[in-house]
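Same order as they appear, the protein sequences are chains A and B.
Here the numbering used here is used: the first residue of the first sequence is 36, the next is one more, and so on.
Here the numbering used here is used: the first residue of the second sequence is 156, the next is one more, and so on.
Quick reminder that beta carbons are idealized off the backbone N, C-alpha and C, glycines included.
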Amino acid sequence: MEQQDVVRSVLRDVLSLGARADRLDRDSPLLGAVPELDSMAVAGVIAAIEDRFGITIDDDEISGTTFATFGSLVDFIAAKTA
Amino acid sequence: MHVLAKFRETAAGIGYWNTVLFALSRIAESVGGGRVRIVKYHITVQPVPAPADGYVRGGTFEMSFADKKSPLLADAGRPSHIIGSRFAQGARCLVAANKGRLAGFLWFVVGPYDEDEVRVRFVPLPQGRAAWDFDVMVKPEYRMGRLFSYLWARAGAELRAQGVEHTVSRISAFNAASLASHGRLGARVVGSVFVLCAGSWQFMRTSFAPRWHLSRSPDKRPVVTILASH
């Protein structure tokens, strides 16, 4: 499975996005456009990403820009796993 | 956006009746110059979170309980008399900071709480096993991180140590996003409180006892008790 498909799967599962997850492309905005992604839910997304990719994400590595678009989140994970 | 389309969009999130109230509240505030206000709260009950050691520590944030002289609270955007009133009621303020600068906070009190937006005293029961939580703030730059979870977990650890099993809170019935967020914490809506303020007059209608209350004096405050668990 490609990296961005894994990210899509994480968002679908943690945020219960259903078919909306399938329509996410690189330019799809996340922050402010996906109501389910709020400050209460984001910790679950980060934990699932750490688990699925076997990485550790420090608090000061993430911000709103990380979650600006689906593409920015995929790029962040690609950089962490490179 | 067309007014009708906007109405329908809002109603999809908060319901038609609350959308009508919301529209009336906006009109009242505009026409009344702030002297007339319409407020409606959902009252929610949520379980105190189970211990999660990794989150209780707060990651890279410095977590502490503030007192009314805490310099961090000066950056909280809350009037000093409100902060003083909260501490006088026995409320505690859990503060998170990053490199010495305020990042977020959360308030709770194990016992009655005098609301500062309207004249209502909320009493969460059973006494000692339910707390009132209120005014949770995370600075925008930290909202897409773990900070809220750190605050919630740390507050939960403190409350559990005191034997508290549930927290009760009020959220605006006009805020669909907040309602959905609370749902993710396992919150359930247990009732509502409607308040109409006109000058010094205040009318309250609630699904809890005493059902309704009318007062004019600033010293008159209805007591609304909420049973969080049996």
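Within this structure, are the beta carbons of Phe303/B and Ala258/B separated by less than 8 angstroms? Contact: no.
Do you know how far the Cα of Val200/B is from the Cα of Ser150/B? The first residue shown for chain B is 156 and the last is 385, placing residue 150/B beyond what the model contains.
Can the beta-carbon of Lys375/B be found closer than 8 angstroms to that of Arg274/B? For Lys375/B and Arg274/B, yes; Cβs fall inside 8 angstroms.
Pull up the distance between the alpha-carbon of Ile112/A and that of Ala82/A, whole angstroms please. Near 13 angstroms, if we compare the C-alpha coordinates of Ala82/A and Ile112/A.
Cβ of Val323/B within 8 angstroms of Cβ of Ile237/B? It is not a contact, given that the beta carbons lie outside the stated cut-off.
Per DSSP, cross-strand counterpart(s) of Arg366/B: Among the bridge pairs identified by DSSP, Arg366/B is matched with none.
Contact belief for Ala76/A with Leu108/A at Cβ below 8 angstroms, rounded distance in angstroms: In fact, because the Cβ distance is near 14 angstroms, the residues do not count as touching under 8 angstroms.
How would you call Ile182/B, buried or exposed, if buried means at least 16 neighbouring beta carbons within 10 angstroms? Note on Ile182/B: under 16 other CB atoms within 10 angstroms of its CB, so exposed under the neighbour-count rule.
Any beta-carbon of chain B closer than 8 angstroms to the one on Leu66/A? Interface residue, yes.
In whole angstroms, what separates the C-alpha of Met299/B from that of Met36/A? Each residue's alpha carbon lies about 26 angstroms from the other.
Is the shortest distance between the beta-carbon of Arg309/B and the beta-carbons of chain A less than 8 angstroms? Not an interface residue.
Kindly indicate which three-state DSSP category Arg298/B falls into: helix, strand or coil? When secondary structure is reduced to three states using DSSP, Arg298/B falls in the coil class, being assigned neither helix nor strand.
In whole angstroms, give me the CA-to-CA distance for Gln39/A and Phe263/B. As the crow flies, the alpha-carbon of Gln39/A is around 41 angstroms from that of Phe263/B.
Hey, does Glu296/B have any beta-carbon neighbour from chain A nearer than 8 angstroms? With respect to chain A, the C-beta atom of Glu296/B has a partner C-beta closer than 8 angstroms.
Going by DSSP, name the residue or residues bridged to His321/B. For His321/B, the pairing in a beta bridge is given by DSSP as Pro202/B, Ala285/B.
Can you tell me whether Arg241/B is buried or exposed? The criterion is at least 16 other CB atoms within 10 Å of its CB, across all chains shown. Arg241/B is buried by the Cβ-count criterion.
Would Ala166/B pass as an interface residue toward chain A - the criterion being a Cβ-Cβ separation below 8 angstroms? Judged by the 8 angstroms Cβ criterion, Ala166/B is not in contact with chain A.
What are the start and end residues of the beta strand (DSSP E) that includes Leu351/B? Per DSSP, the continuous beta strand (DSSP E) segment holding Leu351/B begins and ends at 343-353.
Measure the CB-CB distance between Pro206/B and Ala312/B and report whether it falls below 8 angstroms. Yes, Cβ-Cβ distance for Pro206/B and Ala312/B is below 8 angstroms.
Ignore the nearest five residues each way along the sequence and tell me which others in Gly213/B's own chain have a CB closer than 7 angstroms to its CB. Cβ neighbours of Gly213/B beyond the five flanking positions: Ala251, Tyr305, Arg309.
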